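Numbering (my numbering), first residue to last: 415 to 765. Virtual Cβ for every residue (Gly too), placed ideally from N, Cα, C. All values derive from a computational prediction rather than experimental measurement.
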Amino acid sequence: MKLSNKVIGAFALSAIMLAACGKKEEAPAPAPAPVAAAPAAAPAPPPEPEEEKVLNIYNWPDYIPEGMIAAFEKESGIKVNYDTFETNEALHAKLVAGNSGYDIVVPGTVFAKPQIEGGLMQPLDKSQIPNLANLDPAILKTLTKADPDNKHLVPWAWGFTTVGINKTKAEKALGKMPMPENAWDLVFDPKYTSKLKSCGIAYLDSPTEIIPVALHYIGKDAYSNDPADYAAAAEMLAKVRKDVRLFSSTMIDDISSGKACVAIGWSGDINIAAERAKENKSKDVIEAMLPSTGALIFFDTMGITKDAKHPKNAHAFIDFYLRAENAAAMANEMTYPTGNLAAMDKIKPEI
Numbered sequence: 415m416k417l418s419n420k421v422i423g424a425f426a427l428s429a430i431m432l433a434a435c436g437k438k439e440e441a442p443a444p445a446p447a448p449v450a451a452a453p454a455a456a457p458a459p460p461p462e463p464e465e466e467k468v469l470n471i472y473n474w475p476d477y478i479p480e481g482m483i484a485a486f487e488k489e490s491g492i493k494v495n496y497d498t499f500e501t502n503e504a505l506h507a508k509l510v511a512g513n514s515g516y517d518i519v520v521p522g523t524v525f526a527k528p529q530i531e532g533g534l535m536q537p538l539d540k541s542q543i544p545n546l547a548n549l550d551p552a553i554l555k556t557l558t559k560a561d562p563d564n565k566h567l568v569p570w571a572w573g574f575t576t577v578g579i580n581k582t583k584a585e586k587a588l589g590k591m592p593m594p595e596n597a598w599d600l601v602f603d604p605k606y607t608s609k610l611k612s613c614g615i616a617y618l619d620s621p622t623e624i625i626p627v628a629l630h631y632i633g634k635d636a637y638s639n640d641p642a643d644y645a646a647a648a649e650m651l652a653k654v655r656k657d658v659r660l661f662s663s664t665m666i667d668d669i670s671s672g673k674a675c676v677a678i679g680w681s682g683d684i685n686i687a688a689e690r691a692k693e694n695k696s697k698d699v700i701e702a703m704l705p706s707t708g709a710l711i712f713f714d715t716m717g718i719t720k721d722a723k724h725p726k727n728a729h730a731f732i733d734f735y736l737r738a739e740n741a742a743a744m745a746n747e748m749t750y751p752t753g754n755l756a757a758m759d760k761i762k763p764e765i
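Below, the structure written as structure tokens:
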């Protein structure tokens, strides 16, 4: 019931008079306010199921140091299924189709960029990859052209697309014709290809590898958007097409076994081919050339697919790969640098 001001005033006056006349009487303690019942606690979310101890990797052939997978499996208890692809195009088709079944893939940056833009790669949880600190900031800056802010990719390896040659066989095929100043002539100039076809010319089985070097050879921007430049490159390639024996991404075997005496290939693969030829007691001299007009640099990267079923295991492998000793093994055994600064003092001086 609401009290009037008069009634409230009368009560106040009575209280003052009582206080003046005698001992102050303690007012009764007010009744405690009722305590609101605590809301029922929400049930705890069920724990996330543990990932099965499996990791599915899709990589290029001959592109990981011997024993690295076994070492990771032994340390982590994770079973690795390791498959290979021959071209960036094959990997891209697998990812675009969806449900690839792979957790980690290793695309070149030319393909990784549209894969990121198309939502085919998931962002990395960098808190699970402390060894990211080992990477060269300059390499990471370069990768931002494909992966802004380095959210999705880490470098796997880098190298050059260049000319590989079995000098012993090539010089024999050329006879008295001297080696050209520009090594690209060996694979693009009919004057040379018409002779070298006798010992085998091989091109990488990938338009995205061959077209840029062809553009570069004719003096155009390797990554031109001008249709006229592509028409000029196609015209040049048409003149030597009949002389090309192989279109392949297995240059290591093709060169080391003698199927090809000159090839457009990746620098590390050509170096490995030279080592394998020595192991097979071959006396042929195999080299990765550095053309006078330059070679094209490439970067291969490692990312986790959007539909990866084992993302935690994938992060664990990425961190394992980025250890200094493992990055050094990649350089020492596969002759490909990885952009890992912490590995530099573990890499052989000759590499």
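In this structure, DSSP gives residue 576 an extended state, which the three-state scheme calls strand.
Residue 749 is positioned such that its CB atom lies closer than 8 Å to that of residue 685.
Contact between residue 726 and residue 465 holds, with the beta-carbon distance rounding to 5 Å and staying under 8 Å. Taking the Cβ atoms as the reference, residue 519 lies roughly 6 Å from residue 717, within the contact range of under 8 Å. In the same chain as residue 489, and ignoring 5 residues on each side of it, no C-beta atom comes closer than 6 Å to its own. When C-alpha distances from residue 752 are compared across 540, 546 and 577, the shortest belongs to 546.
In this structure, DSSP gives residue 622 a helical state, which the three-state scheme calls helix.
Counting C-beta pairs closer than 8 Å gives three or more between the segment 548-568 and the segment 705-716, which meets the contact rule.
Secondary structure of residue 592 (DSSP, three-state): coil. Contact between residue 683 and residue 476 is confirmed by a C-beta separation of about 7 Å, below the 8 Å threshold. Taking 8 Å as the cut-off, the Cβ atoms of residue 730 and residue 517 do not count as close. One Cα belongs to residue 709, the other to residue 576, and the distance between them is close to 5 Å. Restricted to the segment 675-751, the alpha helix (DSSP H) segments that are unbroken, complete and at least 4 residues in length are 681-693, 725-735 and 738-748, listed in chain order. Each of 630, 640 and 599 was checked against the Cα of residue 711, and the nearest Cα belongs to 630. Distances from the alpha-carbon of residue 625 to those of 611, 745, 604 and 650 put 650 closest. Less than 8 Å divides the Cβ of residue 733 from the Cβ of residue 542. The C-beta separation of residue 659 from residue 589 comes to about 19 Å, leaving the pair out of contact by the 8 Å criterion. In this structure residue 645 is exposed. Its beta-carbon is surrounded by fewer than 16 other beta-carbon atoms within 10 angstroms.
By DSSP's assignment, residue 617 forms a beta bridge with 661. For residue 469, the enclosing beta strand (DSSP E) stretches over residues 468-473. The Cβ atoms of residue 679 and residue 618 sit closer than 8 Å to each other. Note on residue 623: 16 or more other CB atoms within 10 angstroms of its CB, so buried under the neighbour-count rule.
Between residue 628 and residue 616, the alpha-carbon positions lie close to 14 Å from each other.
For residue 497, the beta-bridge partners assigned by DSSP are 472. Taking C-alpha positions only, residue 665 is separated from residue 483 by approximately 23 Å. The beta carbons of residue 469 and residue 728 sit closer together than 8 Å. The C-alpha of residue 607 is placed about 16 Å away from the C-alpha of residue 705. About 5 Å separates the beta carbons of residue 578 and residue 702, which is inside the 8 Å limit, making them a contact pair. Around the C-beta of residue 765, fewer than 16 other C-beta atoms lie within 10 Å, and the residue is accordingly described as exposed.
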